[in-house]
Structure formats: C-alpha cells, structure tokens
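Numbering (my numbering), first residue to last: 2 to 705.
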C-alpha cells in the first residue's frame with residue numbers, strides 16, 4: 002500500500018521546467034509544472050498543474066532485435082493455400098514475387114518440390130513500425146482546500162483530473178486470421194483454382210497505421226475530521242471516474258472477402274453488382290499490386306474499419322473510522338482504531354457495432370461489458386506498547402463481497418523490539434484476500450504476442466483472445482517478514498528484511514505459450530490456417546483461472562552513511578533485493594522454479610535474482626550532485642536455447658542466458674538564487690539517464 006501525502010499550508014508559487022532529449026531518434030520530453038498556495042487563519046488552498054509532452058521512439062530508431070524476431074509469417078506479398086494432388090493444401094509463396102518486394106521467404110520444402118512454385122511463407126518485418134515510447138501528451142491538475150471550524154472540526158476537499166492522449170505505432174495492417182478465399186476468376190489469380198489467402202491487406206512499402214488512446218480521469222474527495230479527548234475521528238466520501246477510449250484500425254472480414262470476389266468498394270451493391278465492373282472492384286492480394294495491378298484507395302477504404310472500445314470505470318467509497326486511547330501500558334497508552342467502509346465499483350465497456358458482431362479479421366471483436374461490485378468492510382487495529390522496548394500491533398479486516406465470492410476475515414500480527422539504542426528487530430505475519438474484479442469475471446480482450454509453435458517449429462506473431470471467467474474463486478495469501486535495523490553510530494544505518502509470500506488460488510491470465518505447448522492441436526483453443534492440425538497458428542484462446550499456488554521470498558538490504566568533510570557532505574547508499582525463491586504451479590506448465598528466469602513459458606514474470614542500486618550523493622552549500630549505478634543480474638530465457646534457437650520442444654542444453662545489465666545515472670543541481678543572492682529560489686538541474694548509452698541485454702523476441 003502506498004499513501005501519497007500532498008503539500009499543505011503552502012504559501013507562494015513555484016514553477017519548474019524539465020527537458021529530456023533521448024540519444025536515439027527524435028525522442029524528446031518536456032514537463033512544465035506550476036504550484037500555487039495560500040493560507041489564512043482558518044484554512045488554506047493549494048492548486049497544481051502539470052503538462053507533459055513526449056515524442057515517440059520507434060524500433061527503427063534503435064533496433065535491438067534480429068530481423069527474424071519481428072517477422073510475421075503473414076505478409077504482403079503473402080502466401081496462398083493451394084490444393085496439390087496427393088499432398089493436400091500447401092502454403093505457396095506468392096509466385097509473382099516476395100523478396101524483391103521486401104518480403105522474407107521462409108521455405109518449408111526444397112525448391113522444386115512443386116514445379117515452378119515454392120512451398121512456404123512470405124514473411125513481413127513489422128518491427129520498424131512499432132514504438133518503444135508512444136507519442137503522448139498528459140495534463141494533470143489538482144486542487145485542495147482545508148478549513149478548520151471553531152469546534153476542532155476540519156473540512157477538507159480535493160479535486161484532481163488527468164488527461165492523457167497517446168498514439169502508438171503499428172503495422173500498415175494486421176494479419177488476416179480468417180483465411181479468406183481468392184476465387185479462381187480473380188484476374189490476378191495464377192493458380193486456376195480458388196485459394197486461401199495467408200497474409201495481410203497492406204505490408205511492405207506502406208506507412209504504419211497507429212492505435213490511439215484517450216484517457217480522462219476525474220477524482221473528488223471530501224472529508225470531515227475531528228479530535229476527541231483521547232483520539233480523533235474521520236468520515237469521508239471519494240468518487241473517481243475514468244473514461245478510456247481505444248481506437249485501432251483493422252480489416253473487416255465480410256467486406257474484405259467481397260473485395261476478393263470483385264465486389265469491393267463502398268458504392269458497390271454486392272447483390273446486384275458485377276465483379277470488377279463499375280463501382281465494384283477487385284482487391285489484388287498478389288505481388289502484382291506493386292507493379293501492374295495496384296489497388297485503389299477506394300477499394301482499400303471499403304474494407305478498412307476501426308474498432309472503438311469506450312470503457313468507463315466508476316468507483317465510490319464511503320468510509321468512517323476513529324482512533325482513541327483505551328488503557329495505559331508500560332510503554333504508553335494502548336490505542337484502538339475502528340472503521341467501516343462501503344465501496345462500489347462499476348465497469349462498462351462499449352464496443353462499436355462492428356466489434357459486437359466479431360467483424361474484424363484480427364482483433365475480432367467482443368460483446369459489451371456492464372457489471373458492478375459492491376463491498377462492505379469493517380476493520381480494527383490495536384497498538385500495544387508493552388514497554389519502552391517492545392511494541393505489538395494486532396489488526397483484523399472483514400470484507401463481504403456477497404454472491405459466489407462471499408466474505409473473508411484477514412488478521413495481522415506485527416512486533417517491533419528495540420533491543421538497544423542501536424539495534425532493533427521487527428516481524429509480521431498476515432493474510433490477505435483478493436476477489437476477482439468485474440473485468441476478470443466478465444471482460445475480454447485481444448492482444449498480439451510472439452509465440453513458438455511446436456507444430457511448425459517456428460515463432461509466430463499471433464492473436465491471443467482472452468475471455469472472462471465467472472467461475473473464478475478469490476485468491477488468498479499469507480505473508481510474513483522479519484528484519485532488523487542497526488545504527489552503530491550517527492549517520493550510518495543498515496536495514497535487512499526477509500520476506501515471504503504464499504498465494505493459493507492465484508488469479509492469473511493463462512500463459513498463451515503454455516496453452517499452445519499443452520495441446521497445440523486443440524481446435525477449441527488453437528486456431529490454425531488451412532489444416533486445423535498442422536497449419537500455421539493464427540490465434541490462441543485463453544482465459545483467467547485460479548492457479549494452484551505461488552510462493553516467493555527474498556531479502557531486502559538498505560544502507561547509507563553520511564560523511565561530513567570540508568568539501569561537503571558525501572552520502573553513499575546501497576539498495577538491493579535478492580530473490581531466494583519464486584516457485585510456481587502453472588495449470589499448463591506444471592511446477593516451475595522461476596527464480597532467475599524470464600518465465601516466458603509459464604504464468605510467472607521475469608525474475609532476475611538480484612537488483613541493486615549503488616548511489617553517492619554530495620551536498621556543498623549551493624551545489625548538489627547524485628550518481629547511481631543500477632544493476633540487474635543475468636537470468637535464463639526459457640523462450641530460447643543457449644545456441645540462440647527457439648525453445649520449441651525443450652533445449653538439449655541450457656537456456657539462453659540474458660546478460661546482466663549495469664547503467665549509470667547522474668544529476669547535478671545548483672541553487673541559482675543562492676548564487677546571485679535573489680529573493681526567489683531558482684534551481685538548475687542537469688542530468689543524464691544511462692549516461693554511457695548502455696544497450697539493454699539481447700532478447701530473442703519481438704522488439705528485442
């Protein structure tokens with residue numbers, strides 16, 4: 002839990018400007034911020050505003066991946082499934098050309114296996130169109146007012162808004178997953194028979210087509226606080242609303258098929274029209290579209306649509322609590338806090354009409370979502386100062402979700418023992434409970450992922466369609482930690498903590514790679530082009546499930562030492578986390594030791610065993626500087642083998658090792674107001690992030 006405490010009782014004004022220029026491409030960022038506040042005898046008001054503008058960084062500006070890492074088997078030029086006597090349907094690379102038009106031919110059989118034709122796919126390098134950093138602008142505003150009445154009651158209110166607009170790069174068009182048919186009468190069809198098209202509408206030579214997001218968040222909170230003889234009380238109301246609109250272009254299934262039939266065009270009557278005559282045009286999926294038979298904007302626009310998802314999340318929280326002394330102990334008064342809370346969460350996702358009908362060839366579509374969840378909670382906490390050296394904290398929280406989720410009671414015990422003035426011990430144990438959200442139970446989405454197909458023995462860029470699961474159970478966890486603080490002398494401190502979390506019925510999204518590995522020929526979960534058992538994988542269907550268990554533990558280490566010299570104060574610091582255990586029970590992949598692994602093939606997350614930040618701060622009058630060394634240890638990439646090949650059916654040796662990573666950040670501040678003896682304070686800051694331009698370690702996956 003993170004509590005953000007905003008400024009209060011501030012008089013004056015402050016303005017700051019931050020500018021950042023990336024070393025690659027045209028990636029720049031500037032942030033303009035302002036703060037104003039005023040106080041009176043009984044109250045105060047504070048207002049702040051911030052504007053951020055960030056320009057994009059494309060993969061082409063800093064290519065970290067290999068060409069094959071960002072290559073899709075579905076390109077344009079593309080491939081066509083042709084019925085070969087005695088061999089069935091085989092993918093044939095566009096006979097009009099592939100490599101000469103920017104494609105990447107991937108032969109599945111030696112040349113000459115089918116006379117005059119090549120069996121395989123014409124790949125498409127989509128990487129250069131995508132962005133590491135989106136083209137983005139953000140505006141944030143915050144206002145707070147406080148007023149103290151004569152009867153020791155204080156009223157507070159705050160309002161904030163956040164406006165975000167982002168455009169993220171995308172390929173000229175998505176791959177088409179519906180295997181549309183090119184008829185035998187298509188004027189560019191050289192095969193003399195109907196063939197299934199395996200590719201995309203636009204590929205090499207066309208500009209990228211980005212996705213856009215608009216996010217607007219509003220938050221209002223008001224409260225009354227009062228004091229009593231031995232404590233205080235507070236009642237509050239908070240409401241937060243987020244409107245999020247996502248737009249992404251894609252090809253329309255029916256309209257694209259009509260265009261292949263020669264009935265393309267917004268003015269074409271598909272019933273009365275004649276293929277290729279008048280307002281009805283053919284779309285040419287063959288490489289001749291680059292030479293003698295180009296496609297018109299008229300026909301392309303007729304089958305291009307935009308999926309629009311308008312999401313709204315609305316949260317309301319009513320809360321009341323009080324804290325007061327109850328009895329005296331050896332270390333002071335024991336204090337009791339009691340509280341109640343009611344919260345209601347509403348979520349709706351309104352997909353456009355075309356998406357409701359699953360009209361798109363890649364993002365497919367989705368039904369609308371409209372659900373809500375209301376929760377009653379009560380909590381209590383007892384602080385027991387046993388004596389001057391020993392403190393004990395007891396807490397319990399009750400939550401009732403109703404319905405199939407039910408209720409939960411979660412206790413906590415925490416102990417702190419100050420053994421000496423220099424040394425103290427602490428420890429805690431608690432349980433927690435996380436219920437499935439409205440989205441997890443009823444939502445759905447389609448994403449793009451690079452997977453390894455065990456059937457084809459190659460990587461594939463596929464659609465992963467995730468559906469909600471109303472049978473989800475709540476997940477439960479138990480956590481404990483023990484640690485110590487040691488301060489042997491002034492300005493030097495060491496803190497060490499050991500922590501452990503155990504989760505049961507963990508709510509996770511099924512790992513698409515694990516689903517594919519478990520049963521790569523299951524037609525309900527794995528959709529393939531052509532032959533449903535051996536064709537190239539196009540789509541994997543997954544959902545949210547309760548995984549059996551997950552346990553993770555580790556050590557946190559923090560130390561600092563302030564050294565005073567004639568040249569200023571120097572403060573070296575070290576913050577480090579070492580993961581000692583990350584054990585997973587994956588529904589598909591089984592038991593996994595995930596510490597020190599990327600965990601691409603299971604439900605886990607990338608878990609390098611050691612992360613550390615070593616810093617040195619310097620302060621001398623009007624000057625200040627900081628330097629940080631940031632280190633991440635090496636770890637195993639279970640998507641790839643040590644020789645750089647894809648982990649299709651297990652590696653004969655070790656996994657590929659991702660190198661450790663060390664970067665250096667530096668910053669210098671000078672107080673110009675102190676330098677020029679001005680009444681106002683002016684501070685100039687100069688700095689560099691990753692100042693030696695260290696490349697991240699290589700990953701053999703899309704975007705690197």
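Heads up, the beta-carbon is just placed ideally off N, CA and C, and yes, glycines get one too.
Problem set entry | CA nearest to the CA of residue 195, picked from 148, 135, 258 and 217 | The residue with the shortest Cα to Cα distance from residue 195 is 258.
Exercise. Distance, Cα to Cα, residue 96 vs residue 114?
Worked result: About 14 angstroms.
Exercise. Between residue 85 and residue 119, is the Cβ-Cβ spacing less than 8 angstroms?
Worked result: No, they are not a contact pair.
For this session: Could you check if residue 693 is buried or exposed, using at least 16 other CB atoms within 10 Å of its CB as the buried criterion?
Result: With fewer than 16 Cβ atoms within 10 Å of its Cβ, residue 693 is classed as exposed.
For this session: Could you check which residue in 658, 665 and 570 has the C-alpha nearest to that of residue 710?
Result: No answer is possible for residue 710: the residues shown for the chain start at 2 and end at 705.
Problem set entry | Cβ-Cβ distance between residue 144 and residue 48 below 8 angstroms | Contact: yes.
Problem set entry | Same chain, Cβ closer than 8 angstroms to residue 334, neighbours up to 5 away in sequence not counted | Setting aside the 5 residues that flank it on each side, residue 334 is surrounded in the same chain by 231, 326, 327, 328 and 386, each with a C-beta closer than 8 angstroms to its C-beta; the list follows chain order.
For this session: From the DSSP output, in three-state form, read off residue 643 for me.
Result: DSSP places residue 643 in the coil class of the three-state scheme, outside both helix and strand.
Problem set entry | Cross-strand partners of residue 147 (DSSP beta bridge) | Residue 147 pairs with 45 and 157.
Exercise. Which word fits residue 517, buried or exposed, when buried means at least 16 other C-beta atoms lie within 10 angstroms of its C-beta?
Worked result: With at least 16 other beta carbons inside 10 angstroms of its own, residue 517 counts as buried.
Problem set entry | Supposed close pair residue 395, residue 541 - CB separation, criterion 8 angstroms | So it is not a contact: roughly 47 angstroms between Cβ atoms.
Exercise. Given residue 446, which residues of its chain have a CB within under 6 angstroms of its CB, disregarding the five upstream and five downstream residues?
Worked result: Same-chain partners within the cutoff: 467.
Exercise. Between 234, 667 and 397, which lies nearest to residue 378 when the distance is taken from Cα to Cα?
Worked result: Comparing Cα-Cα distances from residue 378 to each of 234, 667 and 397, the minimum goes to 397.
Problem set entry | Distance between residue 594 and residue 580 (C-alpha atoms, nearest Å) | Here the C-alpha atom of residue 580 lies approximately 12 angstroms from the C-alpha atom of residue 594.
For this session: Output the residue ranges of the beta strand (DSSP E) runs that lie fully inside the stretch 398 to 482 and measure 3 residues or longer, sorted by chain position.
Result: Inside the stretch 398 to 482, DSSP marks whole beta strand (DSSP E) runs of 3 or more residues at positions 407 to 418, 424 to 435, 445 to 454 and 459 to 468, from first to last along the chain.
Exercise. Would a C-beta distance cut-off of 8 angstroms place residue 338 and residue 381 closer than the cut-off?
Worked result: Yes. Within cutoff.
Problem set entry | Cut-off 6 angstroms between Cβ atoms - residues of its own chain near residue 663, not counting five sequence neighbours on either side | Closer than 6 angstroms at the Cβ level, and outside the excluded window around residue 663, lie 632.
Exercise. Going by the CB atoms, is the gap between residue 675 and residue 623 shorter than 8 angstroms?
Worked result: Judged by beta-carbon spacing, residue 675 lies within the 8 angstroms limit of residue 623, meaning their Cβ atoms are closer than that value.
Exercise. Which full runs of the beta strand (DSSP E) of 3+ residues lie inside the stretch 46 to 106, going along the chain?
Worked result: Here the runs fully enclosed are 80 to 85 and 89 to 94.
Exercise. Which first and last residues belong to the beta strand (DSSP E) in which residue 112 is found?
Worked result: Segment: none, residue 112 is in no beta strand (DSSP E) and carries neither H nor E.
Exercise. Would you say the stretch 180 to 195 touches the stretch 277 to 287, given that touching needs at least three Cβ pairs under 8 angstroms?
Worked result: With the cut-off at 8 angstroms, the stretch 180 to 195 and the stretch 277 to 287 touch.
For this session: Round the Cβ separation of residue 602 and residue 670 to the nearest angstrom and send it over; I've been treating them as touching at under 8 angstroms.
Result: Actually they do not touch by this definition, with Cβ atoms about 46 angstroms apart.
For this session: Quick one: grab the DSSP three-state call for residue 563.
Result: Three-state result, residue 563: coil.
For this session: Along the beta strand (DSSP E) that carries residue 614, what are the first and last residues, could you check?
Result: That run of the beta strand (DSSP E) goes 611 to 621.
Exercise. Expressed to the nearest angstrom, what Euclidean distance is found between the alpha-carbon atoms of residue 266 and residue 354?
Worked result: As the crow flies, the alpha-carbon of residue 266 is around 20 angstroms from that of residue 354.
Exercise. Do the stretch 149 to 163 and the stretch 195 to 207 make contact, defined as three or more Cβ pairs closer than 8 angstroms?
Worked result: The stretch 149 to 163 vs the stretch 195 to 207: no contact.
For this session: Tell me whether residue 324 sits in a helix, a strand or coil according to DSSP, three-state version.
Result: Strand at residue 324.
For this session: Ignore the nearest five residues each way along the sequence and tell me which others in residue 341's own chain have a CB closer than 6 angstroms to its CB.
Result: These residues qualify, in order along the chain: 321 and 379.
Problem set entry | Residue burial classification, residue 173 (beta-carbon count within 10 angstroms, cutoff 16) | Around the beta carbon of residue 173, 16 or more other beta carbons lie within 10 angstroms, which makes this residue buried.
Exercise. From residue 605 to residue 523, what does the alpha carbon distance come to, in whole angstroms?
Worked result: Between the alpha carbons of residue 605 and residue 523 lies a distance of about 24 angstroms.
Problem set entry | Inter-stretch contact (C-beta, 8 angstroms, three-pair minimum) for the stretch 489 to 504 and the stretch 553 to 568 | Yes: the two stretches touch, three or more of their Cβ pairs being nearer than 8 angstroms.
Exercise. For residue 508, does the count of other Cβ atoms within 10 angstroms reach 16, so buried, or fall short, so exposed?
Worked result: Classification of residue 508: buried, given that the 10 Å Cβ count is 16 or more.
For this session: Report yes or no: do three or more beta-carbon pairs, one from the stretch 177 to 186 and one from the stretch 52 to 64, lie closer than 8 angstroms?
Result: Taking 8 angstroms as the limit for Cβ pairs, the verdict is that the stretch 52 to 64 does not touch the stretch 177 to 186.
Problem set entry | Backbone secondary structure at residue 603 - three-state DSSP | DSSP places residue 603 in the coil class of the three-state scheme, outside both helix and strand.
Problem set entry | residue 218, enclosing beta strand (DSSP E) - first and last residue | For residue 218, the enclosing beta strand (DSSP E) begins and ends at 212 to 228.
Exercise. Which first and last residues belong to the beta strand (DSSP E) in which residue 247 is found?
Worked result: Element bounds for residue 247: 232 to 252.
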